[in-house]
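Numbering (the working numbering), first residue to last: 12 to 239. A virtual CB, placed ideally from N, CA and C, is assigned to each residue, including glycine. Since we're looking at a predicted model, the values are computed, not measured. Note sheet for the following structure.
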Ligand SMILES: Nc1ncnc2c1ncn2[C@@H]1O[C@H](COP(=O)(O)OP(=O)(O)OP(=O)(O)O)[C@@H](O)[C@H]1O
Ligand SMILES: [Mg+2]
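Below is the structure:
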C-alpha cells in the first residue's frame, strides 16, 4: 500500500535576482485508496508541491518519504516511470499518434513488450470508459473530456499507483469535469490508487476524502475537514 509522508518540506526557486519560497514547512500524509484535493490561489505553490510528490524536484528542506524510503534515496527515474505519474490540465497528448499509441508510448519507453503494451492500453482505456472504437482515433477527433481520460489511461498504463493530477478538470465543462472526477474517485476507492488532485473548483474539492488549502506555500486542512 502506497503511502507518502511529508515532513516539514520546503522548496524555493532561486534565481539571480530573487528567491521564491514556494513551499513552506509542509507536513501531511497521503495514503492509498483516498483522493486528496489541494485548492489555493494562483501562485500559492500547488504545482510546485505536486512536482515534489512526483519526484520532479527534490525538497530543499524536510523529508519526503514514499513507503518509508526517503525520495532522495530512490531511483527517481524509476519512481517517475513506474510509481508516480502526473496528469496535467492540458492533456499533452501527441497529435500524430492515435489514442492507443499515446497510451502505449510510455510503456514503450519503459521497455514493455509490444503485445503487453497493447493489452494494457486496451485495459486502461476501457477502465476510463473509452470504447474500442475510440482507440484508433487521433486526439483532435475527441472532446476535451475524452482526451483527459486518454491522458489518465496513459498515466495508469505506465504502471504507477500514485496519480498526481494538476487541475485535470481545468479545461473541461462541468459534465466532462465531473466524469473525470468520478474516474479518479473510482480509481482510489475501488482500486486503491493514491490520488492527489489540484483544483480551483470547490465542488470538485468537496468530493475528495481530504481537502487541503494552500496559501503562500503553507498547506492546511480546509475548514470542516477532520484531521486524517
Ligand atoms: N520555475 C520557476 N522559477 C521561479 N519561480 C517559480 C517557478 N515556478 C513557479 N515559481 C513561483 O513559485 C510560486 C508557486 O508557483 P506554483 O506554480 O507552484 O503555483 P500554483 O499554486 O500552482 O499556481 P497556479 O494555480 O497558477 O497554477 C509562485 O510565486 C511562482 O511565481
Ligand atoms: Mg499550478
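Taking the alpha-carbon positions, what's the residue i to residue j distance?
| i | j | result |
| --- | --- | --- |
| residue 44 | residue 140 | 20 Å |
| residue 172 | residue 95 | 6 Å |
| residue 42 | residue 77 | 10 Å |
| residue 39 | residue 155 | 32 Å |
| residue 29 | residue 194 | 41 Å |
| residue 229 | residue 216 | 18 Å |
| residue 92 | residue 200 | 23 Å |
| residue 26 | residue 166 | 32 Å |
Looking only at DSSP bridge pairs, what is residue i linked to?
| i | result |
| --- | --- |
| residue 30 | 25 |
| residue 42 | 14 |
| residue 81 | 76 |
| residue 203 | Residue 203 is not bridged to any residue. |
| residue 96 | 174 |
| residue 51 | 225 |
Compute the beta-carbon to beta-carbon distance between residue i and residue j, rounded to the nearest angstrom, for a pair I have assumed lies under 8 Å.
| i | j | result |
| --- | --- | --- |
| residue 117 | residue 168 | 7 Å |
| residue 49 | residue 206 | Contact flag wrong, Cβ pair sits at about 11 Å. |
| residue 22 | residue 70 | 6 Å |
| residue 246 | residue 73 | Given that the chain is displayed from residue 12 to residue 239, the structure contains no residue 246 and the question cannot be resolved. |
Among the candidates the options, whose CA atom is the shortest distance from the CA of residue i?
| i | options | result |
| --- | --- | --- |
| residue 59 | 209, 231, 218, 214 | 209 |
| residue 89 | 219, 67, 203, 114 | 67 |
| residue 197 | 211, 219, 214 | 219 |
| residue 105 | 86, 119, 149, 145 | 149 |
| residue 51 | 224, 231, 233, 164 | 224 |
| residue 213 | 200, 233, 202 | 233 |
| residue 107 | 79, 147, 80 | 147 |
| residue 183 | 102, 85, 121, 14 | 102 |
I'd like to know if the segment 154-163 and the segment 190-198 are in contact, where contact means that at least 3 CB-CB pairs between them fall below 8 Å. yes
Counting Cβ pairs, one atom from each stretch, are 3 or more of them under 8 Å apart for the segment 172-182 and the segment 118-135? no
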